[in-house]
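Residue numbers (the numbering used here): 17 to 133.
Don't be surprised by glycine CBs; every beta carbon is placed ideally from N, CA and C.
Okay, structure first, notes after.
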């Protein structure tokens with residue numbers, strides 16, 4: 017079978033970085049982030065969050081190949097910001113949203129369990 021071992025989709029190898037940054041020389045204020053060991057779940061969440069930022073003019077991602085466990089995230093910003101700042105802000109906002117979601121989910125689950133008694 018041609019599929020790589022399943023552990024390769026989430027374990028970073030020695031010396032492998034989670035995120036690498038490459039300046040996009042074709043477009044001003046743009047960078048390409050390679051995020052290793054991730055897929056469409058994270059790529060789409062980050063892209064959607066980036067597009068909520070008025071300083072971001074473009075955000076898109078792709079998975080180069082179905083057997084490669086990485087995403088390429090391209091971000092372009094206005095001159096007032098940098099792609100790195102925009103990505104950091106988007107990740108912080110996502111972490112806040114997910115923490116709130118977890119809290120509300122646990123409250124709803126607890127309430128549901130109490131009503132079942």
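In the DSSP assignment, find the alpha helix (DSSP H) that holds residue 57 and state where it starts and stops.
Along the chain shown, one-based indexing puts residue 57 at 41. Segment 56–67, the alpha helix (DSSP H) holding residue 57.
Cα separation between residue 111 and residue 53?
Along the chain shown, read from residue 1 onward, the residue named residue 111 stands at position 95. Along the chain shown, read from residue 1 onward, the residue named residue 53 stands at position 37. Using only the alpha carbons, I get a separation of about 19 angstroms.
Over what stretch of residues does the alpha helix (DSSP H) that includes residue 105 continue unbroken?
Indexing the chain shown from 1 puts residue 105 at position 89. Segment 99–132, the alpha helix (DSSP H) holding residue 105.
Thinking just about the alpha-carbon of each residue, which of 72, 66 and 85 is nearest to the one in residue 35?
By 1-based counting over the chain shown, the position of residue 35 is 19. Checking every option, the nearest Cα to that of residue 35 belongs to 85.
Beta-bridge partners of residue 31, as assigned by DSSP
Translated into positions along the chain shown, residue 31 becomes position 15. Looking at the DSSP assignment, residue 31 forms no beta bridge with any residue, so it has no partner.
N-terminal and C-terminal residue of the beta strand (DSSP E) that residue 88 is part of:
Within the chain shown, the letter at position 72 stands for residue 88. It spans 86–93 - the beta strand (DSSP E) in which residue 88 sits, taken as one unbroken run.
Whole angstroms are fine: how far does the CA of residue 72 sit from the CA of residue 80?
Translated into the one-based positions of the chain shown, residue 80 becomes position 64. Translated into the one-based positions of the chain shown, residue 72 becomes position 56. Cα-Cα distance, rounded: 23 angstroms.
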